[in-house]
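These notes are about the structure you will find just below.
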Amino acid sequence: MVEKASFVLFISILSVSIASVLIVSCTASALLISFYRMLFTTLIILSILLVKKRNFDELFQISKKQYLMMVGIGIILAVHFAFWVTSLKMTSVASSVILVTAHPIIVGPISHFLLKERLSFFHVIGIIISFFGVIVLVYGNYGFVSSIDSFQGNILAWAGGVAAGLYILGGRHLRSQISVIPYVFVVYSISTIVLFFFCIFFNTSLIMISLSDLIIILSMAAISGIFGHTFYNWSLGKVRASVASVALLGEPIGSSLFAFILPWIHQIPSKFTLIGGGIIFVGIYLTTKKNN
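All residue numbers for the sequence shown refer to this note's numbering, where the first residue is 4 and numbers rise by one.
Set out below in structure tokens:
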């Protein structure tokens, strides 16, 4: 079972790595991309739910407390997408994805207190090192003329990473109690509704989107939403939160390579992104390796 979970986790990381370059390829606004991505993903999950009667029946067996927790997780997921997708419009793919996947340094301390997962001395050292890397990446690129990074974009990516950490912790707790399909259906549905209201609040037109953007977002929903986030949610019930979190370190590597190779994007990370990102990786590796 552990080997199967590890393979599914690998597929999920590969799938989410494609998301950032697809987002950058879209001309639609960040909130619109986030909303339609979650909407399409939710509809795909709904079609699966209607076919699998056992999973559909499980929706009526979930307690009120669990539903309330999933509502909270859905709201957090919406905030994560709103911050992160917006950051991709304002900073480089490499910086954005590195910062948004730096959540193990958030997951570690919180999981220690909430999930009673042991926090070692090396874990603390790794967190301190990672925070130093974040400072180098964010402030190093600030005012660096030849960099496509922006301070605001990097801060939004970091905020999206904090939300991702909370999302992982909540999922880790509930996924041991609820099957993946009913769980993600409720969470994705709530996230879609919240993003809809975000669009309304910020006067984002829901119809001002091109057919090509819709096709890209639909691909994003199928690849990154289903094979990425849904597979990842399945693995949360099989592996430790710290292991699942550190596995996402593969995302910035894959995303940065895609952003560099694809000719219509061709982003070259700045020296501060590479140095800061490297420090973050060392800290996170030390955190999870010694903790496990």
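Backbone N, C-alpha and C fix where the C-beta goes; we use that ideal spot for every residue, glycine too.
Item to complete: Starting from the N-terminal side, write out each stretch of the alpha helix (DSSP H) that is 4 residues or longer and does not extend beyond the segment 120-174.
Response: Runs found: 124-144.
Worksheet item: From what residue to what residue does the alpha helix (DSSP H) around Gly253 run?
Response: As a working mapping, residue 253 is identified with position 250 in the sequence shown. Taken as a continuous stretch (DSSP letters only), the alpha helix (DSSP H) holding Gly253 covers Gly253 to Ile264.
Fill in: The alpha helix (DSSP H) enclosing Val82, as first and last residue numbers
What you label residue 82 is simply residue 79 of the sequence shown in a count that begins at 1. For Val82, the uninterrupted alpha helix (DSSP H) segment begins and ends at Lys67 to Leu91.
Worksheet item: Given a threshold of 16 other Cβ atoms within 10 Å of its Cβ, counted over all protein chains shown, does Val19 qualify as buried or as exposed?
Response: Numbered from its first residue, the sequence shown carries residue 19 at position 16. Buried.
Worksheet entry | Local conformation of Pro272 per DSSP, three classes | By one-based count along the sequence shown, residue 272 stands at place 269. Pro272 falls in the coil class under three-state DSSP.
Discussion item. Can you give me the C-alpha to C-alpha distance between Val137 and Ile210, rounded to a whole angstrom?
Written reply: Counting from 1 along the sequence shown, the entry for residue 137 is found at position 134. Counting from 1 along the sequence shown, the entry for residue 210 is found at position 207. Distance between the alpha carbons of Val137 and Ile210: 37 Å.
Worksheet item: Hey, is the segment 62-69 in contact with the segment 175-188, meaning 3+ C-beta pairs nearer than 8 Å?
Response: Cβ pair count under 8 Å is three or more, so yes.
Worksheet item: Going by C-alpha distance, which of Ile287, Ser259 and Ile264 is nearest Leu277?
Response: If you number the sequence shown from 1, residue 277 lands on position 274. Per the Cα distances, Ser259.
Discussion item. What residue range does the alpha helix (DSSP H) around Ala225 cover?
Written reply: As a first step, residue 225 is located in the sequence shown; it is residue number 222 there, counting from the start. Here Ala225 belongs to no alpha helix (DSSP H), and DSSP marks it neither H nor E.
Practice prompt. Using only alpha-carbon positions, find the residue among Gly77, Ala31 and Gly280 that is nearest to Gly174.
Written response: The sequence position of residue 174 within the sequence shown is 171, counting from 1. Of the candidates Gly77, Ala31 and Gly280, the one whose C-alpha sits nearest the C-alpha of Gly174 is Gly77.
Discussion item. Among the candidates Leu102, Val27, Ala22 and Ala167, whose CA atom is the shortest distance from the CA of Pro266?
Written reply: Residue mapping note: residue 266 aligns to position 263 of the sequence shown, counting from 1. If you compare the alpha carbons of Leu102, Val27, Ala22 and Ala167 with that of Pro266, the shortest gap goes to Val27.
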